[in-house]
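K.L.:
I'd like to ask some things about the structure below.
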Amino acid sequence: QPLSKRRSFRDEEDDVDYCHLLNSFTSLAVMSAALDYNDIVGLRNSVQYGFANILQCICSFKACRGLAMTEGVMNILFKWMRSKDIEMELIAANALRDLTVPESSSYTA
278 QPLSKRRSFR DEEDDVDYCH LLNSFTSLAV MSAALDYNDI VGLRNSVQYG
328 FANILQCICS FKACRGLAMT EGVMNILFKW MRSKDIEMEL IAANALRDLT
378 VPESSSYTA
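Numbering follows the numbering used here, with no gaps: position 73 of the sequence shown is 350.
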């Protein structure tokens, strides 16, 4: 179908419940990040780091923070902080910073 004939995402705006979509994605991301990828040979690092980066982004997004906390994101981040994997420790530290820095703060890293 030619691009000019395709409906844009905006055309279907009334059909999308963005809150439900955002909540579902947040829950999925937290659950996925909590999985143990040690049994996956070869893909372990790329999959785990991919979900870790998604989770870090979620922690920086104000609308997702509450649900992420409810879903148990703090346990995951503390596990990563103790992992002795420098990259996972950095991701966890950044996510924790995003979760704990007050909105009124002008702190930027």
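Beta carbons are placed, not taken as given, at the ideal position from N, Cα and C, and that holds for glycine. Values in this document were obtained by computation on a predicted structure and should not be read as measured data.
1. Output the distance between the C-alpha atoms of Cys261 and Arg342, rounded to the nearest integer angstrom.
2. Is the distance from the Cβ of Gln325 to the Cβ of Ala372 below 8 Å?
3. Over the uninterrupted alpha helix (DSSP H) stretch that includes Phe302, give me the two end residues.
4. If you reduce the DSSP assignment to three classes, tell me which class Phe355 lands in.
5. For my contact list, Ala306 and Ile353 are in at a C-beta cut-off of 8 Å; report their separation, rounded to the angstrom.
6. Is the separation between the beta-carbon of Glu429 and that of Ser304 shorter than 8 Å?
7. Expressed to the nearest angstrom, what Euclidean distance is found between the alpha-carbon atoms of Met351 and Asp294?
8. In this structure, does DSSP put Gln361 in helix, strand or coil?
P.N.:
Reading from the atomic positions:
1. It is not possible to answer for residue 261, since the shown part of the chain is limited to 278 through 386.
2. no
3. Tyr295 to Ala311
4. helix
5. The pair is not a contact, with the Cβ atoms about 10 Å apart (cut-off 8 Å).
6. The requested residue 429 is not part of the displayed model; the chain covers only 278 to 386.
7. 27 Å
8. Per the sequence shown, the amino acid found at residue 361 is Lys instead of Gln. Note: Lys361 maps to coil in three-state DSSP.
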